[in-house]
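Below: the structure, in structure tokens.
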Amino acid sequence: MFGKPKRTSSAVTFDMTPMIDCTFQLVIFFMLTLNFANDEQNEMIRLPSSELAKPTEPPWEFPITLQVTGKNMVIVGSEQVPISGLRSVLQRERSALERFNRTPSHATVIIRADRYAKTGAVQEIIEIAQSLKFERFVLRAKEKEV
Amino acid sequence: MPRIKSKGEGERVDFDMTPMIDCCFQLIIFFMLSLKIFASEGDFSIKMPVSKSEGPVDPTQLPPIKLRMKADGTGRLVAITMGTKQLSSSDPFAELRREVRSIIKDDIGPGSSGSKQEIELDCDANLQYQYVMRAITAVSGYVGPDRQVVKLIERIKFSPRRQG
Numbered sequence: 038m039f040g041k042p043k044r045t046s047s048a049v050t051f052d053m054t055p056m057i058d059c060t061f062q063l064v065i066f067f068m069l070t071l072n073f074a075n076d077e078q079n080e081m082i083r084l085p086s087s088e089l090a091k092p093t094e095p096p097w098e099f100p101i102t103l104q105v106t107g108k109n110m111v112i113v114g115s116e117q118v119p120i121s122g123l124r125s126v127l128q129r130e131r132s133a134l135e136r137f138n139r140t141p142s143h144a145t146v147i148i149r150a151d152r153y154a155k156t157g158a159v160q161e162i163i164e165i166a167q168s169l170k171f172e173r174f175v176l177r178a179k180e181k182e183v
Numbered sequence: 009m010p011r012i013k014s015k016g017e018g019e020r021v022d023f024d025m026t027p028m029i030d031c032c033f034q035l036i037i038f039f040m041l042s043l044k045i046f047a048s049e050g051d052f053s054i055k056m057p058v059s060k061s062e063g064p065v066d067p068t069q070l071p072p073i074k075l076r077m078k079a080d081g082t083g084r085l086v087a088i089t090m091g092t093k094q095l096s097s098s099d100p101f102a103e104l105r106r107e108v109r110s111i112i113k114d115d116i117g118p119g120s121s122g123s124k125q126e127i128e129l130d131c132d133a134n135l136q137y138q139y140v141m142r143a144i145t146a147v148s149g150y151v152g153p154d155r156q157v158v159k160l161i162e163r164i165k166f167s168p169r170r171q172g
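Protein sequence lines correspond, in order, to chains A and B.
For the first sequence, the tail end lands on 183 under this note's numbering, and the numbers increase by one without skipping.
For the second sequence, the tail end lands on 172 under this note's numbering, and the numbers increase by one without skipping.
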């Protein structure tokens, strides 16, 4: 009379469409916000802030970024050198410019100095660059909300 | 007679989406880990001629304003003097901006006194760089009531380096 309850063998399926939509939205968001160009911003450098600091548009032509740490060391690319060793690094940059038929006057030296770096160190870096005929200098600051 | 059912009729084709979802999550994790959030940055141009004898002297050029910044042994700012005037208020940089505005009289733009005026920063060698940036900000301009930047002096240079 009363037998075993019938068991259905139908598989339970989830609708995964919303999850996949959401996942793709996240992938696209992270792809768009990722900026590999910001690799020149070293996290060791705590830049001074300024309410007048606005991003430069268009970007500098032939930029050479010199990052000055609070201990007055200079980071150029992935290389960290004392100020006394900067001349050889800049000479290399100058040779690279000359390979593109450009002179040091075409390059812009961007100085990203830590807020606790010594002003004398920044001045010394400018003097070294000037002695190699670099002429354009900019001091970089972090944008401060007013 | 058996009914012949054509293949595929009424059948539901299921894709195995597990590899795609795995791959998407891998991508999300990669982008999340490589994401770095930076504040935006801006630049201040400084005028550093290679030699003093470079080119003829512009007769319309005004003599530079000298800004002397003195530091104590730890590099903190202790005194700031503009020309011969000591700026001694509690916020010397706001006072510096007021002084510059009184000289420039908001005469800005091409051919204005703001474009002709030059300022020369004479700093102690051990002065913390943050004070230099605050001074440069004070003399370069200010944010107006409409949140537009009003430029004051654009020609900024350093004096020869002091030994320290």
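Beta carbons: idealized from backbone N, C-alpha and C, even for Gly.
Cβ-Cβ distances below 7 angstroms link A:Arg-177 to Leu-84, Ile-147, Ile-148 and Arg-149 in the same chain, with the five nearest sequence neighbours on each side left out; the list follows chain order.
In the structure shown, B:Asp-51 falls within a strand segment according to DSSP collapsed to helix, strand and coil. Boundaries around B:Pro-27 are those of the alpha helix (DSSP H), 26-42, since no beta strand (DSSP E) includes it. DSSP places B:Ile-73 in the uninterrupted beta strand (DSSP E) bounded by 73-79.
The region 82-97 of chain A and the region 123-135 of chain A do not touch, with fewer than three beta-carbon pairs separated by less than 8 angstroms.
Looking only at B:Pro-100, B:Gln-171, B:Met-40 and B:Ile-144, the smallest Cα-Cα distance to B:Thr-89 is reached by B:Pro-100. DSSP places B:Ala-87 outside any alpha helix (DSSP H); the residue lies instead in the beta strand (DSSP E), whose first and last residues are 85-90. Contact between the region 117-124 of chain A and the region 159-175 of chain A is present: 3 or more CB-CB pairs across the two stretches fall below 8 angstroms. Residues of chain B whose Cβ lies closer than 8 angstroms to the Cβ of A:Phe-61 are, in chain order, Cys-32. Runs of the alpha helix (DSSP H) lying entirely within the region 105-159 of chain B and spanning at least 4 residues, in chain order: 121-124 and 137-148. A:Gly-114 sits exposed, since fewer than 16 C-beta atoms from the chains shown fall within 10 Å of its C-beta. For the region 81-95 of chain A, residues whose beta-carbon sits nearer than 7 angstroms to a beta-carbon of chain B comprise Leu-84, Pro-85, Ser-87, Glu-88, Leu-89, Ala-90, Lys-91, Pro-92 and Thr-93. Inter-residue distance for B:Arg-84 and A:Pro-95 is about 35 angstroms (C-alpha atoms, whole angstroms).
Chain-order list of chain B residues neighbouring A:Glu-164: Arg-169, by C-beta distance under 7 angstroms.
Within 7 angstroms of the CB of B:Val-140, the CB atoms of chain A belong to Thr-156, in sequence order along the chain. Here the C-alpha atom of B:Ile-45 lies approximately 12 angstroms from the C-alpha atom of B:Phe-39. Taking CB atoms only, B:Thr-92 has no neighbour in chain A less than 8 angstroms away.
Secondary structure at A:Gln-78: coil, using DSSP grouped into helix, strand and coil. The beta carbon of B:Val-147 does not come within 8 angstroms of any beta carbon belonging to chain A, so the residue lies off that interface.
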